[in-house]
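Please read the structure below before turning to the comments.
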């Protein structure tokens, strides 16, 4: 057990989770946190014309407003995803709105897309140089009616489309009323069409919920193919509590180890049904290198972490990348493309 697990995490877990997140972001911005570097050419890949130094990215939700984008590379990440950002600035849901489930290595949040707005992020990105690929996750403003969702997403995209290496349409968060209904084929088509009118050249992904049935996932895949999306992200948080030893009694999206099996199942289904040139990003329940490697064997081109970083600390990403290389050597693989989809 390292210093983070034995000392820093127990102290941090005595404090409100959102407050700890705010303090952590300040530390990251200032360069306070460092991680041992690890690189290996076998971890490099090119996806949708973008070069990734390694497959492990920071999931949306951690650096919502892009305040520390220049620092994540120093912590070993291969790419980062800013947001979720909305067209209008919004404060999110009432506090408290983030809750740990330590006995299950889980986290429940009902943040509600609190962010400074797409305009503020665009201004910040004009002065930022992350040094690694940057994704931007877009959500619907709470004040925007569902019928006007396409205009809201397109408005954010108009402000940001020149700043990101890829963009994510987030229609799967459980914390904005009605948002998940936008995963329905008709609504999703309207959003994607509106964004394509702004810029048809940018790589666009859709992030799906782990709670979708196989038939619902197939419907999303159909729209993705029709709209010529770059790829899909599997998955967001879950509203289920069935995998917890106890129900904490808090609403919101559950992430971390408890969502792992659901997220893996959705990813494997997408790998079987998506066109082979569609990029899949696996997220949900990655707590160590074995988890990340398994996502790749299930079909992920890239992976992302969030809750795992909270439980594992600043040294987690280099440890994950090191373990991926160890497992590649064990299994006789020389590239990530050889690993991808190799699960029996």
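In this note's numbering, the protein residues as written are 350 to 693. C-beta: ideal position from N, C-alpha, C; glycine also.
Our contact map puts residue i next to residue j with C-beta atoms below 8 Å; I'd like the distance itself, whole angstroms only.
{"i": "residue 777", "j": "residue 588", "result": "The structure shown does not extend to residue 777, since the chain spans only 350 to 693, so no value can be given for it."}
{"i": "residue 384", "j": "residue 666", "result": "7 Å"}
{"i": "residue 637", "j": "residue 405", "result": "With 8 Å as the limit, residue 637 and residue 405 do not qualify as a contact, their Cβ atoms being about 11 Å apart."}
{"i": "residue 366", "j": "residue 421", "result": "Rounded, the Cβ-Cβ distance is 20 Å, inconsistent with contact."}
{"i": "residue 474", "j": "residue 415", "result": "6 Å"}
{"i": "residue 620", "j": "residue 629", "result": "6 Å"}
{"i": "residue 446", "j": "residue 464", "result": "Between residue 464 and residue 446 the Cβ distance is about 14 Å, and since that is not below 8 Å, they are no contact."}
{"i": "residue 516", "j": "residue 574", "result": "Wrong, their Cβ atoms sit about 18 Å apart, outside the cutoff."}
{"i": "residue 541", "j": "residue 497", "result": "Not quite, the Cβ-Cβ distance comes to about 15 Å (not below 8 Å), so this is no contact."}
Verify whether the separation of the beta carbon atoms of residue i and residue j is less than 8 Å.
{"i": "residue 435", "j": "residue 505", "result": "yes"}
{"i": "residue 438", "j": "residue 466", "result": "yes"}
{"i": "residue 509", "j": "residue 471", "result": "yes"}
{"i": "residue 653", "j": "residue 417", "result": "no"}
{"i": "residue 563", "j": "residue 612", "result": "no"}
{"i": "residue 616", "j": "residue 648", "result": "yes"}
{"i": "residue 685", "j": "residue 388", "result": "no"}
{"i": "residue 663", "j": "residue 424", "result": "yes"}
{"i": "residue 331", "j": "residue 455", "result": "Any answer about residue 331 is impossible in this case: the structure gives the chain only from 350 up to 693."}
{"i": "residue 419", "j": "residue 379", "result": "no"}
{"i": "residue 645", "j": "residue 688", "result": "yes"}
{"i": "residue 460", "j": "residue 432", "result": "no"}
{"i": "residue 565", "j": "residue 502", "result": "no"}
{"i": "residue 586", "j": "residue 557", "result": "no"}
{"i": "residue 683", "j": "residue 375", "result": "no"}
{"i": "residue 581", "j": "residue 547", "result": "no"}
{"i": "residue 427", "j": "residue 655", "result": "no"}
{"i": "residue 639", "j": "residue 614", "result": "no"}
What residues match up with residue i in a beta bridge as DSSP calls it?
{"i": "residue 394", "result": "401"}
{"i": "residue 652", "result": "405, 631"}
{"i": "residue 584", "result": "Looking at the DSSP assignment, residue 584 forms no beta bridge with any residue, so it has no partner."}
{"i": "residue 450", "result": "455"}
{"i": "residue 486", "result": "517"}
{"i": "residue 464", "result": "439"}
Assess, as a yes-or-no matter, whether the region 618 to 635 is touched by the region 590 to 609 under the definition of 3 or more beta carbon pairs within less than 8 Å. yes
Just list the alpha helix (DSSP H) runs in the region 492 to 580, keeping only unbroken ones of 4 residues or longer that don't cross its boundaries, in chain order. 498 to 509, 534 to 547, 563 to 575
At least three beta-carbon pairs within less than 8 Å, the region 447 to 458 to the region 483 to 501: no
Kindly confirm or deny that the region 618 to 627 and the region 465 to 483 touch, where touching means at least three C-beta pairs closer than 8 Å. no
Below 8 Å, can you find three or more Cβ-Cβ pairs linking the region 393 to 407 to the region 355 to 363? no
Are at least three pairs of beta-carbons, each pair with one atom in the region 563 to 572 and one in the region 533 to 540, less than 8 Å apart? yes
Hey, which unbroken runs of the beta strand (DSSP E) at 3 residues or more fall wholly within the region 581 to 626? 602 to 605
Would you list, in sequence order, the uninterrupted beta strand (DSSP E) runs of no fewer than 3 residues that lie entirely inside the region 405 to 434? 405 to 407, 428 to 434
Taking the runs of the alpha helix (DSSP H) that are 4 residues or longer, which of them lie wholly in the region 655 to 691? 656 to 661, 665 to 680, 685 to 688
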